[in-house]
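Take the sequence shown: its position 58, counted from the start at 1, is 58 in UniProt numbering, and no numbers get skipped.
In what follows, a structure is listed as structure tokens, so that the remarks can point back to it.
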Amino acid sequence: MDNNLNQEILDKLTKVCLCKAIPRSKIKDSIRKGATTVEAVRKVTGSGTGGCCGRRCTPKIQDLIDGYLDNQWQ
């Protein structure tokens, strides 16, 4: 239980999209709700629309999607 709690806290604090300050928790929530492509996650969260146009966050989002599809997290 403590591990899940710590992971939830880290997810809220860790920014995936630095330009828009979008936390990993928001990205994961969108993936859980069915956004299983980078483009779908971008539409739901607004990530990838900042100054870098997704150059920094796109690989991180894809890694999260891949991890979810491989059942590495829920």
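From the three backbone atoms N, C-alpha and C, an ideal C-beta is built for every residue, glycine too.
Residue CYS17 holds the alpha-carbon nearest to the alpha-carbon of ARG56 among GLN7, CYS17, LEU5 and ASN4. Annotated three-state conformation of CYS57 is helix, per DSSP.
The residues THR45, in chain order, have a CB closer than 7 Å to that of LYS26 in the same chain once the five nearest residues on each side in sequence are set aside.
In the DSSP assignment, ILE22 is bridged to CYS17. With fewer than 16 neighbouring CB atoms inside 10 Å of its own CB, THR14 falls in the exposed class. For the pair VAL41 and ASN4, the Cα-to-Cα distance works out to about 23 Å.
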